[in-house]
Amino acid sequence: MPCETLIRGAARLLTMDDADLRLDGADVRIKDGVIAEVGIGLEPGPGADVLNAEGCLVTPGLVNTHHHLYQTLTRAVPGAQDALLFGWLRTLYPIWARFGPEEMYVSAQVGLAELALSGCTLSSDHLYLYPNGSRLDDTIAAASDIGLRFHPTRGAMSIGESLGGLPPDALVENEAAIIEDSIRVIDAHHDPRPGSMVRVGVAPCSPFSVSRDLMRDAAILARDKGVMLHTHLAENDEDIAYSLEKFGCRPGQYAEDLGWTGDDVWHAHCVKLDAQEIDLFVRSRTGVAHCPCSNCRLGSGVAPLVEMQNAGVKVGLGVDGSASNDIGSLVAEARQAMLLQRVTRGADAMSAHAALRLATRGGAEVLGRSDCGQLAPGFRADIAVWDMRSVAAAGSWDMGALLLAGPQQVRDLFVEGRRVVADGHVTTVDMPKLLERQRTLAHRLQD
Ligand SMILES: [Zn+2]
39 MPCETLIRGA
49 ARLLTMDDAD
59 LRLDGADVRI
69 KDGVIAEVGI
79 GLEPGPGADV
89 LNAEGCLVTP
99 GLVNTHHHLY
109 QTLTRAVPGA
119 QDALLFGWLR
129 TLYPIWARFG
139 PEEMYVSAQV
149 GLAELALSGC
159 TLSSDHLYLY
169 PNGSRLDDTI
179 AAASDIGLRF
189 HPTRGAMSIG
199 ESLGGLPPDA
209 LVENEAAIIE
219 DSIRVIDAHH
229 DPRPGSMVRV
239 GVAPCSPFSV
249 SRDLMRDAAI
259 LARDKGVMLH
269 THLAENDEDI
279 AYSLEKFGCR
289 PGQYAEDLGW
299 TGDDVWHAHC
309 VKLDAQEIDL
319 FVRSRTGVAH
329 CPCSNCRLGS
339 GVAPLVEMQN
349 AGVKVGLGVD
359 GSASNDIGSL
369 VAEARQAMLL
379 QRVTRGADAM
389 SAHAALRLAT
399 RGGAEVLGRS
409 DCGQLAPGFR
419 ADIAVWDMRS
429 VAAAGSWDMG
439 ALLLAGPQQV
449 RDLFVEGRRV
459 VADGHVTTVD
469 MPKLLERQRT
479 LAHRLQD
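Number 449 in the numbering used here belongs to position 411 of the sequence shown; there are no gaps in the numbering.
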C-alpha cells in the first residue's frame, strides 16, 4: 500500500469541522492513515495513489453507536416480525441459544460489510449473550478481517427465567464470570491510543437483565480500566413503568445512582427521557445512541432528539440490531432520523446536513473519538465517497443534500486510509463466499 493517497476533485466535500466548511472541487491528502491536507488544487506526491472523485460527494465516514451484529443472522423471522418487544424476544431467544463462535463471526462480518457499504467506518457493537463457547473475540476477529474501526462492548445478562427474568437460563451468565471475562477482553484487546482500531466497552444488556450490584461493579470496572460504559435506557413506556415499579425511580435516576452517567457513558434509545433526565445528561456529558428505525419498527415512540440537541446532549446514531430494524444501513438511519423529527415538529425541525453531522461527528463524539468524525488535518482518514452521478441523486440541485437525494451505498470507503470499499465492492473479504457461509448457517438455524 502506498503511504499517500490523494482523493481528487470531489464535486462537494463536507468537513464537519468547527467551521463546518463545505468545499467544491476539493481534494484530500491521506498519509499513513491520517488526513494530511484538505484543499483545492492539491498535487499528488511521488508514488501517490490518486482516486478521481469527480461528481462525488466526500464526507467523513459514518459512525454507528449501537448495534447487535449477531442478529444479522435472524432478520425478518416469522413470528417476530410484528411482535411487541417481549414477544419478539421470546421468539428469538431459543434461536440465538443455538449460536456458537462461527455464527458470531459470520453474522458480525456480514453486518459490518452492510454497514461499510452504507458509509460506516466506525461501529460499536453490543454483544450480551455468549452461547456454546461464543466470545467477544469472535466479533473482534470479524471486524479486524474486514478492516472497520470497532468498539465492541462486553454485554451481559444474568437474570434468567428461573429468577423471574425473560431470557432462558441457558443464555444468562454468572455475574462473577461476567466481570472476569470483561477484564479478560479489555486486557486482551482494548487499545486507548489515537488511531486505535479496537476499543472495548462494558455493557450489561439493560438495567432489567442484570442485578443492581452488577451495574455498579461494571461501572467501577470501566473506570478502573479507562473504558466506556453502554446499555439500553428509557426505550419505551413499559421500560419507564418497570423502572418505577422495581426500582422506585425513573431510569435516569437509577443510572446516576449506580455511576452510569458521565463522559464515558452512552445509552441506547432514550426515547422517553424527560426534561430532568435531559438536563442530567447535559450536566454529566452522558451520550445517547439514537436509533430511529428501531424505535419505529418496535413502536417505541419518537425520541426527543431536537430537545436533546438544543440542550447540548451528545447524540449519535445507531442502526440497532438487525432483528429490530431489520436493515443495518447507516445512511438510511440518518435519513430516518431527519424524517422522524419532522413528523412531530415540522419540516424545519432537522436539515439533511444536520442529520449527516449527527451521523458522522456526532457519533464520534459519543464514542469518545476526538480523532475521528471530521475531514481535517490530523484526523484519522475515515472517509466516504458517494457517487452523485448515480440515478438516486440525478436531478439534485444540492450535492451536499445526501439524505434528501443521494445513493444508499458508497462508491469508495477508506478506514485508517485503507480502501475497504472500492467501486461499490468490499475489497477485504470474499463477499460471495461469506454470503454462502451465512446461508449455510441460516439453513442450519432454521432446521
Ligand atoms: Zn439494542
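For every residue, glycine included, the Cβ atom is placed at its ideal position computed from N, Cα and C.
Because the structure is a prediction, the values reported are computed rather than measured.
- The C-beta distance from L44 to V72 rounds to 14 Å, too long to fall under 8 Å, and the pair is not in contact.
- Taken in chain order, the unbroken stretches of alpha helix (DSSP H) that lie wholly in the stretch 240-269 and span 4 residues or more are 250-263.
- The C-alpha of E345 is placed about 37 Å away from the C-alpha of I184.
- A Cβ-Cβ contact shorter than 9 Å links A341 with N333.
- At least one heavy atom of ligand 1 is found less than 8 Å from the C-beta of H164.
- Look at the beta carbons and you see the stretch 289-304 not touching the stretch 119-128: under three pairs across the two are nearer than 8 Å.
- Its Cα nearest to that of M142, the residue Q109 stands out among L155, S244 and Q109.
- Distances from the CA of L150 to each of P139, I224, D56 and R187 were compared; the closest alpha carbon is that of R187.
- By the neighbour-count criterion, in which 16 or more other beta carbons inside 10 Å mark a residue as buried, W435 falls on the exposed side.
- In this chain, the alpha helix (DSSP H) harbouring G290 covers P289 to D295.
- Within the chosen limit of 8 Å, ligand 1 does not reach the beta carbon of H328 with any heavy atom.
- Note on geometry: alpha-carbon atoms of A215 and G202 lie some 20 Å from one another.
- Rounded to the nearest whole angstrom, the CA to CA distance from T129 to L271 is 22 Å.
- For I224, the enclosing alpha helix (DSSP H) stretches over residues E213 to H227.
- Rounded to whole angstroms, the separation of the alpha carbons of W304 and D364 is 23 Å.
- In this structure, Q446 places its C-beta atom within 9 Å of the C-beta atom of A370.
- The Cβ neighbour count for L473, taken over all protein chains shown within 10 Å, is under 16; the residue is labelled exposed.
- Residue state for F188 is assigned as strand, using DSSP reduced to three classes.
- Counted as a single uninterrupted DSSP element, the alpha helix (DSSP H) harbouring F285 occupies residues D275 to F285.
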